[in-house]
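Numbering (our numbering), first residue to last: 8 to 159.
Every residue, glycine too, gets a C-beta built ideally from N, C-alpha and C.
Let me begin by presenting the structure, written as structure tokens, before commenting on it.
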Amino acid sequence: MSLSALTLMGCDDLSDAHISSFRHAAGGAHASHISADNTIAVVSSIESGITVWDLTTNAQRYVWRHQEDGSNLVSNIHIAFDNSYVVTSDREAFALWNIEVGEPEGFWRIDEASIRDIAVSNQGRGILVGRGNGKVMFFEPKTGRRLEFLGH
Numbered sequence: 008m009s010l011s012a013l014t015l016m017g018c019d020d021l022s023d024a025h026i027s028s029f030r031h032a033a034g035g036a037h038a039s040h041i042s043a044d045n046t047i048a049v050v051s052s053i054e055s056g057i058t059v060w061d062l063t064t065n066a067q068r069y070v071w072r073h074q075e076d077g078s079n080l081v082s083n084i085h086i087a088f089d090n091s092y093v094v095t096s097d098r099e100a101f102a103l104w105n106i107e108v109g110e111p112e113g114f115w116r117i118d119e120a121s122i123r124d125i126a127v128s129n130q131g132r133g134i135l136v137g138r139g140n141g142k143v144m145f146f147e148p149k150t151g152r153r154l155e156f157l158g159h
């Protein structure tokens with residue numbers, strides 16, 4: 008009993024003071040992802056679309072959109088470990104974005120089931136799409152090759 012009391016008392020030295028803060032989505036966010044090295048953040052919000060931020064300077068780099076008009080519905084974002092690509096998705100479609108040039112490399116639609124989660128490998132070589140029906144698809148954007156895993 009006394010050991011746990013000492014352990015809890017040792018945590019009192021932590022400070023609640025903020026080092027800094029910066030608002031990346033004024034009206035709230037649907038989704039966000041921070042790169043593995045903490046230098047890039049990608050945030051999806053209704054009003055602002057998909058915004059790419061340079062966290063070393065807190066400067067906005069790009070603003071992307073899946074649809075030209077209407078509300079942004081992107082709910083999944085993943086940054087490749089090497090910071091080369093970002094993959095974004097709404098429930099029905101996903102896009103691969105080149106971070107270096109800020110342009111999309113492709114948009115693809117899913118017909119069978121809604122998209123639940125998404126990830127991209129280094130250099131954008133492969134995209135993993137988790138779907139609402141329990142299936143997972145591995146997609147190679149350069150070749151168009153698809154592999155489906157049926158789960159369980």
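According to DSSP, is residue 140 part of a helix, a strand, or is it coil? Counting from one through the sequence shown, the residue named residue 140 turns up at place 133. If DSSP states are grouped into helix, strand and coil, residue 140 belongs with coil.
So, with DSSP's three-state summary, where would you put residue 131? To locate residue 131, count along the sequence shown from 1; it is residue 124. Helix, per DSSP.
For the beta strand (DSSP E) holding residue 95, just list the boundary residues, first then last. Position 88 of the sequence shown holds residue 95. Taken as a continuous stretch (DSSP letters only), the beta strand (DSSP E) holding residue 95 covers 92–96.
Let me know the secondary structure DSSP gives residue 149 once reduced to three states. On the sequence shown, position 142 is the one that residue 149 refers to. Correct three-state label for residue 149: coil.
Residue from 58, 79, 75 whose Cα sits closest to the Cα of residue 69: The residue labelled residue 69 in the question sits at position 62 within the sequence shown. Closest option to residue 69, Cα to Cα, is 58.
Identify whether residue 80 lies in helix, strand or coil by the three-state DSSP scheme. As a position in the sequence shown, residue 80 is number 73, starting the count at 1. If DSSP states are grouped into helix, strand and coil, residue 80 belongs with coil.
If you draw a straight line from the alpha carbon of residue 85 to that of residue 47, how long is it in whole angstroms? As a position in the sequence shown, residue 85 is number 78, starting the count at 1. As a position in the sequence shown, residue 47 is number 40, starting the count at 1. Rounded to the nearest angstrom, the two C-alpha atoms are 11 Å apart.
When burial is assigned at 16 or more other CB atoms within 10 Å of the CB, is residue 96 buried or exposed? One-based indexing of the sequence shown puts residue 96 at position 89. So residue 96 ends up on the buried side.
Less than 8 Å between the beta carbons of residue 100 and residue 114, yes or no? Numbered from its first residue, the sequence shown carries residue 100 at position 93. Numbered from its first residue, the sequence shown carries residue 114 at position 107. Yes; because the gap between Cβ atoms is below 8 Å, this pair is in contact.
Can you say whether residue 43 is buried or exposed, counting buried as having 16 or more other CB atoms within 10 angstroms of its CB? In the sequence shown, counting from the first residue as 1, residue 43 sits at position 36. That one is exposed.
Compute the Euclidean distance between the alpha carbons of residue 138 and residue 121, then round it to the nearest angstrom. Numbered from its first residue, the sequence shown carries residue 138 at position 131. Numbered from its first residue, the sequence shown carries residue 121 at position 114. Each residue's Cα considered, the two are about 6 Å apart.
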